[in-house]
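S.K.: Please find one structure pasted underneath; my questions will follow.
Chains as they are written, first to last, in our numbering: chain D, 1 to 229; chain Y, 1 to 222.
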């Protein structure tokens, strides 16, 4: 083992950490906007719209993120759409985040008994008002833990962008390895760095789940695991 | 710039190779899932056990594998471990990484599943004089597995998609095959498009199949 490569390459790795956080933050914003839009459209009470949104969301969710990146970066130029690597990664990850968040939002909204919406509408509220003042405040609490969970997966999955050549933490490790050949030390340290970023988020997600979970906790956890397909 | 000419005939020519890749993706995913189920159940039972070291070790394992990227785990096993121990071939490295990763997620599911078995079941098993092993084998685990089934199904679906990452170390499966073909014939749009369709079909059929089994299980429980 030659651990001295770590302090030597630390500034470069930390630049990688910054790039990973930047990429994650970018997709967090774009993906959340897309996810909220898709999620609300998916529960909007127009059958045809719901069906179309289900197909879109399921289609995106069934393709591996890596393949989406390759398709956007290498495949789309055929249609005259040329996107640089960073943008390709952001686009693919935005679709990924949007589809998965839409699913989380749908699950949370559908977990609130329908009668509440109907009761609201029958007292003279519009659909929008009933959603905003009755359903969403309750659903928001339920989507919080899985949303934080998605953010963790998002950060981990930014590593996939390294394969198409985006500079971030994994790429920084690969480039350092090309100079030093110290695979063991570098991948270990980079794993620790990812862990330090992700572990607090996982813990937060779990404590939110416990706090909002109630007496039916284990079954509720399983249900949320089953919903995040 | 000359406009791109689509050559969909290339998909037809590549179809046997792509199909082989799809079959490998399915095979690798099921194999890793099977091994991951065994390891995951063992981890979950240990985490429920009375040994404090065991509980702590399982927690550490699960947290490490859930909080680091799978790609880094794959690279670590394939490129990093040879410096310390042995050089595993790409296939073994990929399978090992996918197994360890899915075991961590399955352990979490099994843990929740074991906790969801009503306490009275445990007490009843004890009071009829079953040993701890008999209690686990005949009373707790069968129920926990049934309760966990939907979440385990999810893990399998995720695993099929995640298996695409082992293409990065040269393990042959659908993603690798798609790369291989498109780097040779330069028909990226057509080839990656075909791979997209393949994954969609695999995931669709798998999800439907799992939902079917899930419904059967629920009926059997009711």
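All C-beta atoms in this analysis are idealised placements derived from N, C-alpha and C, irrespective of residue type, glycine included.
1) In whole angstroms, give me the CA-to-CA distance for residue 22/D and residue 7/Y.
2) Hey, would you say residue 13/D sits closer than 9 Å to residue 161/D, going by beta carbons?
3) What are the residues of the segment 76 to 98 of chain Y that lie near chain D, defined by any Cβ-Cβ distance shorter than 8 Å?
4) When DSSP labels each residue in this structure, what does residue 112/D get in the three-state scheme?
5) So, residue 32/Y versus residue 163/Y, is the Cβ gap smaller than 9 Å?
6) Alpha helix (DSSP H) containing residue 145/D: first to last residue?
7) Quick check: the segment 129 to 139 of chain Y against the segment 58 to 72 of chain Y, are there 3 or more CB pairs under 8 Å?
8) Within 9 Å of any Cβ in chain Y, is that where the Cβ of residue 160/D sits?
9) Quick one: what does DSSP say residue 84/D is sitting in, helix, strand or coil?
10) Is residue 92/D closer than 9 Å to residue 71/D when the C-beta atoms are compared?
11) Alpha helix (DSSP H) containing residue 171/D: first to last residue?
12) Any C-beta of chain Y sitting closer than 9 Å to the C-beta of residue 215/D?
13) Between residue 46/D and residue 114/D, what straight-line distance do the alpha-carbon atoms span, to the nearest angstrom?
14) By DSSP, does residue 195/D sit in helix, in strand, or in coil?
15) Spell out whether any CB of chain D is found under 9 Å from the CB atom of residue 193/Y.
16) Show which residues of chain Y have a CB atom less than 9 Å away from the CB atom of residue 92/D.
17) For residue 67/Y, is the classification buried or exposed, using 16 other Cβ atoms within 10 angstroms of its Cβ as the cut-off for buried?
18) Determine whether the beta carbon atoms of residue 191/Y and residue 182/Y lie at a separation below 9 Å.
19) Would a C-beta distance cut-off of 9 Å place residue 201/D and residue 148/D closer than the cut-off?
20) Could you please give the first and the last residue of the uninterrupted alpha helix (DSSP H) stretch that includes residue 98/Y?
21) Counting only C-beta atoms, is residue 100/Y closer than 9 Å to chain D at any point?
22) Of the residues 36/D, 195/D, 189/D, 107/D, which one's Cα is nearest the Cα of residue 10/D?
23) Going along chain A in order, which residues have a C-beta closer than 9 Å to the C-beta of residue 184/Y?
24) Going by beta carbon distance, what residues of the same chain come within less than 6 Å of residue 116/Y, once the five residues before and after it are set aside?
25) Where does residue 4/Y fall in DSSP's three states?
26) Considering residue 149/Y, what are the terminal residues of the alpha helix (DSSP H) in which it resides?
27) Just to make sure I have the definition right: I need the residues of chain D whose C-beta is within less than 8 Å of the C-beta of residue 140/Y. Which are they?
28) Determine, for residue 175/Y, whether the minimum Cβ-Cβ distance to residues of chain D falls below 9 Å.
29) To the nearest angstrom, report how far apart residue 5/Y and residue 78/D are at their CA atoms.
30) Rounded to the nearest angstrom, what separates residue 188/Y and residue 198/Y at their Cα positions?
31) For the segment 113 to 134 of chain Y, enumerate the residues whose C-beta is nearer than 7 Å to any C-beta of chain D, in chain order.
32) Answer yes or no: does any C-beta atom of chain Y fall closer than 9 Å to that of residue 163/D?
33) Looking at residue 17/D and residue 197/D, is the spacing between their C-beta atoms short of 9 Å?
34) Identify which residue in 207/Y, 220/Y, 216/Y, 185/Y has its Cα closest to the Cα of residue 13/Y.
35) If you measure from the beta carbon of residue 63/Y to each beta carbon in chain D, is any gap under 9 Å?
36) List, in order along the chain, the chain Y residues whose C-beta lies closer than 8 Å to that of residue 194/D?
M.R.: To lay it out plainly:
1) Going by the C-alpha atoms only, they are around 38 Å apart.
2) No, they are not a contact pair.
3) For the segment 76 to 98 of chain Y, the beta-carbon criterion of a distance under 8 Å to any beta-carbon of chain D is satisfied by 76, 79, 80, 81, 82, 83, 84.
4) It is coil, neither helix nor strand.
5) Cβ distance < 9 Å, so residue 32/Y and residue 163/Y count as in contact.
6) Unbroken alpha helix (DSSP H) run through residue 145/D: 136 to 157.
7) In short, these stretches do not touch, since the Cβ pair count stays below three.
8) The C-beta of residue 160/D comes closer than 9 Å to at least one C-beta of chain Y.
9) DSSP places residue 84/D in coil when its eight states are reduced to three.
10) Result yes, Cβ atoms of residue 71/D and residue 92/D sit closer than 9 Å.
11) Element bounds for residue 171/D: 169 to 180.
12) Note that residue 215/D has pLDDT 47, beneath the 50 cutoff, so the model's placement of it is unreliable and no number is given.
13) Rounded to the nearest whole angstrom, the CA to CA distance from residue 46/D to residue 114/D is 15 Å.
14) The answer is helix: DSSP assigns residue 195/D an H, G or I state.
15) True, the Cβ-Cβ gap to chain D drops below 9 Å.
16) Using a Cβ-Cβ cut-off of 9 Å, residue 92/D is close to nothing in chain Y; its nearest Cβ partner there is about 12 Å away.
17) When all chains shown are included, residue 67/Y counts as buried.
18) In this structure, residue 182/Y lies closer than 9 Å to residue 191/Y by Cβ.
19) Using a Cβ distance threshold of 9 Å, residue 201/D and residue 148/D count as a contacting pair.
20) 90 to 116 is the span of the alpha helix (DSSP H), which, as asked, contains residue 98/Y.
21) So no, residue 100/Y is outside the interface.
22) Looking at 36/D, 195/D, 189/D, 107/D, the one whose alpha-carbon comes closest to that of residue 10/D is 189/D.
23) Here chain A cannot be found, since the structure's protein chains are D and Y.
24) Annotation for residue 116/Y: 147 place their beta carbon closer than 6 Å to its own, counting only its chain and skipping 5 residues before and after.
25) In the displayed model, residue 4/Y falls within coil according to three-state DSSP, outside both helix and strand.
26) For residue 149/Y, the uninterrupted alpha helix (DSSP H) run begins and ends at 141 to 162, by DSSP.
27) Contact of residue 140/Y with chain D by beta-carbon distance below 8 Å is absent, the smallest such distance being about 13 Å.
28) For residue 175/Y, the answer is yes, since a Cβ of chain D falls inside 9 Å of its Cβ.
29) Computed Cα separation, rounded: 8 Å.
30) Taking the CA atoms as reference points, residue 188/Y sits about 15 Å from residue 198/Y.
31) The residues in question are 113, 115, 116.
32) Yes, residue 163/D counts as interfacial toward chain Y.
33) By the CB criterion at 9 Å, residue 197/D and residue 17/D fall inside the cutoff.
34) It is 185/Y.
35) Chain D contact via Cβ: present.
36) What residue 194/D touches in chain Y: 67, 68, 69, 72.
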